[in-house]
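Protein sequence lines, in the order shown, are assigned to chains A and B. Heads up: the first sequence runs through residues 1436 to 1605, numbered per my numbering. Heads up: the second sequence runs through residues 216 to 639, numbered per my numbering. For every residue, glycine included, the Cβ atom is placed at its ideal position computed from N, Cα and C. Reading through the C-alpha cells given below for one structure.
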Amino acid sequence: MTREEDVQIAVGRTVPLWTLRAAGVVVAGASFFLVPVPYAIIVVVLAAIGAVVPATFTTWAAIAVLALAQLGQTLDAWACLFLVIAHLLHVIGGLQLALPWNGRLQLRALASPARRWLMLQVPSQVLLVLALLARGLPVNGLLPAGAVAVATAVGIVVMLVLVRVLAARR
Amino acid sequence: MRGIPTPATVAGISTGVILLAAALGFGRVDLAVTGILLIVGAASVMSSRRGSGAQLRIEREPVRRDGEKRRLEVPARIGMSAPEAEALVLSTTAPGRRTRRTVVAGPITEVPVRVRTVHSGDQDLLTVDALAVGGDGAWTLGLGPAQTVRARIDPHARALRDLPLPRVPAGLTGAHDAPRPGDGGEFRDIHPFAPGDRLQRIDWKATARLGRRPGDLYVRRTLATSDIDVALVLDDGDDLTGVLGDWVRGDPGSGLPTSMDVAREAAWSLATAYLDRADQVSFQVLSRLSSAVPRGSGARHRERLRSAIAVVTAQQRMVRSRTPIVPASALVVLLSTFLDDEPVRLAGLWRAGGHRVIAVDVLPQLRTERLRREEMAASRIVLGARADRLADVRAMGADVLVWDAEPGARAAALRAMTRQRRRG
C-alpha cells in the first residue's frame, strides 16, 4: 500500500542531505592528484569517517594528514588545489556537524556558504600564487616566502577581527 | 538567547594552527596560506549576535476541500527568523509519521506548507520545530519550543436526494405530506361541504358534476404538511480504519478514514439534508448522553449540530448506560460499527416503541491484505458476529444503510428506503 505524502513543503529545488556528506568524500578523493596513494587513501577514509560520524572530527584530521603529506611533495602549482580541498573540507565538515544526515537541502541554502567560500578562497589563491612567483625573484633570499605569507596573513586576521568587533558594536 | 557554538570553529582554528606550525617549521608557503585561511574562515563566522531574537511562527489558512472527496488540504505558512543564521533546519512531524527535515536558507524565511488529511474533528495536523545554523555550522540555536498546527475540521456533508421518513409524520407543518387533511399538501379527496370549510375550497366543477340537490356543495381537500423528528444517535465506542490488521496493532496514522470519520460524515450529511427540509433534528452520542443536542431546526441549530458532531471522538462506553431518549414517533438514525451488542439492543428497544430505525453501518470499506493466518481467522469470527448483528437488526424491521460505499449504491439504498415507506 503506497502512501501519498501528507505534508508538502514548497521550498523550491532541493537535494538529499546525504549528498553534502558524499560531497566531502568526493572532495577528499581529489587528494589522489596531490599526494601518493597511501596518504590519499588515508585522507579519503578519514573524510568518509567524518561524513558518517561528524563528531569524530576526522574531516579536519584528513586536512592535517593531507597537509603533512604535502610536505613530501615539491612546491608547485598543485598547491592551489590543496588550498581548495582543505577549505572545502573545512566548510563541509562544519555543515556536517550542524545539519542532520537525512532530509532535504534547499539548494539556495548553499548560496551563502558558497559566497563566503569564494570571498576567502580568491584572495588566498592570489596570495598563494604571488608567494609562489616570489620564490623566483632575487628578493627570495632576503625574505623567505613562508615568512612573507605568515606576515601577510596575520595582517588579514587582525583586519578581520577588527572588522568583526566593529560590526558587533554597531 | 544566543546560539551555541559547535566544535567546528575550534576544529578549524586548531587545524589552521597545526598547518601554520608545519609551515613555519618546514618553510612551506602553501601550508601557511592554508592554515591562515582556515583560521580566518573559522573566525569570520563567529558573531556576537548568533541568532538572538530568533522566532518561529505558524499561520494556518482556511481549509480547502478537494471536491466531493473526503481528502482535505490545510495550507499553512511557517515563518522563521534568526539573525545571522545561514541555514534553518525545519523539522515537520505529521501524526503517526516520521519526522521530515528540510534545510532552507536563512536568516529569514517563510515556508508554505500543505497538510493533507482525511480525518474530520479536532486533530493535530503537524508539529513543527526549527533549528538555526550559523555560517559553516559554527553555531546552532533551537527556535523556541515545537509548535503544533491544530484544526477542527468540519465533516463533509454529502448531498442526499432521497431521505427516509418515519411511518407517521407527527409535526404540525413542514415539507412532508401528513396523512391528515389540512393545507399545503397534495390533493386528498373531494368531500361534501361541512361547517368549517372555507368557501375558497369549494370545487365548482365537482359540485356541478356530483350535486344532486340544490345547495349541495363539494370542497376539494388537500393533505396537511408536516415536519418530522429525526434523532441521530452516534455510537462512539470504536474508532477503526478499514484495515483489519490495524485493529490489532492500533496504527492511528494510516492515512485512511476511520469509522468515526465516516460516522461524523454520515451524521452531518443526514442532519444537513433533514434541516434543509425544515425538519427537527436532535443528536446524541452513546457514551455522553449529557452532551446531547435537543431537537430543533434553523440556522443556529445547524451550527450547534455542526460543532457537536465535529467534536465527537471515540470514548469508552459506560458499563451501565442509559438508553437515549428520542422524541415520540421520531425517525431514529443509529450510526454504529455494530461490533458489539449494545446498538442491536437499542435498535430493538426503539423498534418495539414503534419508531422507524435506520441503522447506518459506519465501518469503512474493509481491506484484508497482508493479514497473517491467525489475524485472518480472528477477523472472520469478528466480522461473522457483526454480520449476525446486522441480520438481527434487519429482522427487527430496521433498515440498514452502509455509508462507506459507492455514492451510487448509497443513493440507491436511500431511494429504496424512501419507496418502501410509501408502499407501506
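Only those residues of the region 231-247 of chain B whose C-beta falls short of 8 Å from the nearest C-beta of chain A are listed: ILE233, LEU234, LEU235, ALA237, ALA238, LEU239, PHE241, GLY242, ARG243, VAL244, ASP245, LEU246, ALA247.
Inter-segment contact for the region 520-532 of chain B and the region 415-430 of chain B is absent: fewer than three beta-carbon pairs are separated by less than 8 Å. Exclusion of the five residues before and after A/VAL1446 leaves GLN1541 as the residues of its chain whose Cβ lies within less than 6 Å of its Cβ. Every alpha helix (DSSP H) stretch that sits fully inside the region 545-594 of chain B and reaches 4 residues is listed by chain position as 557-567. Of all alpha-carbon atoms in A/ALA1544, A/GLN1508, A/VAL1442, A/ALA1465, the one lying nearest the alpha-carbon of A/VAL1479 is that of A/ALA1465. Secondary structure at B/GLY470: coil, using DSSP grouped into helix, strand and coil.
Taking B/ALA353 as the centre and dropping the five residues before and after it, the same chain places the C-beta of PRO220, THR221, ALA223, THR224, VAL260, MET261 closer than 7 Å to its C-beta, in chain order. Straight-line measurement puts the Cα of B/ASP351 at about 5 Å from the Cα of A/LEU1530. Residue environment for B/GLU301: buried (at least 16 other C-beta atoms within 10 angstroms of its C-beta). Proximity of chain A to B/LEU253 at the Cβ level (cut-off 9 Å) is accounted for by TRP1495, ILE1498, ALA1521, HIS1522, HIS1525, in chain order. In terms of Cβ geometry, B/ILE273 and B/THR332 do not form a close pair [threshold 9 Å]. Ranked by Cα distance from A/ALA1496, the first of B/ARG280, B/ARG313, B/LEU234 is B/LEU234. Taken atom to atom, the span from the alpha-carbon of A/PRO1473 to that of B/PRO360 is near 49 Å. If only complete runs of 3 or more residues are kept, the region 315-394 of chain B shows the beta strand (DSSP E) at 315-320, 323-332, 336-348, 354-357, 362-368, in order along the chain. Using a Cβ distance threshold of 9 Å, B/SER296 and B/PRO327 do not count as a contacting pair. Annotation: the continuous beta strand (DSSP E) that includes B/GLU288 extends over 287-296.
B/ASP344 is positioned such that its CB atom lies closer than 9 Å to that of B/LEU271. Judged by beta-carbon spacing, B/ALA247 lies beyond the 9 Å limit of B/GLY227, meaning their Cβ atoms are not closer than that value. When 7 Å is used as the limit between beta carbons, A/SER1466 is near no residue of chain B, the shortest such separation being about 13 Å.
Listed by position along chain A, the residues whose Cβ is nearer than 7 Å to that of B/ARG312 are ASP1441. B/ARG435 and B/GLY511 have their alpha carbons spaced roughly 33 Å apart. Residue range 1546-1569 is occupied by the alpha helix (DSSP H) that includes A/PRO1548. Using beta-carbon distances, B/GLY357 does not count as an interface residue toward chain A, since no partner is under 9 Å. Using a Cβ distance threshold of 9 Å, A/ARG1448 and A/VAL1487 do not count as a contacting pair. B/LEU438 and B/LEU387 have their C-alpha atoms roughly 12 Å apart. The three-state secondary structure of B/SER505, taken from DSSP, is helix. In this structure, the alpha-carbon of B/GLY389 lies about 15 Å from that of B/LEU378. In the three-state reduction of the DSSP assignment, B/THR538 falls in the coil class.
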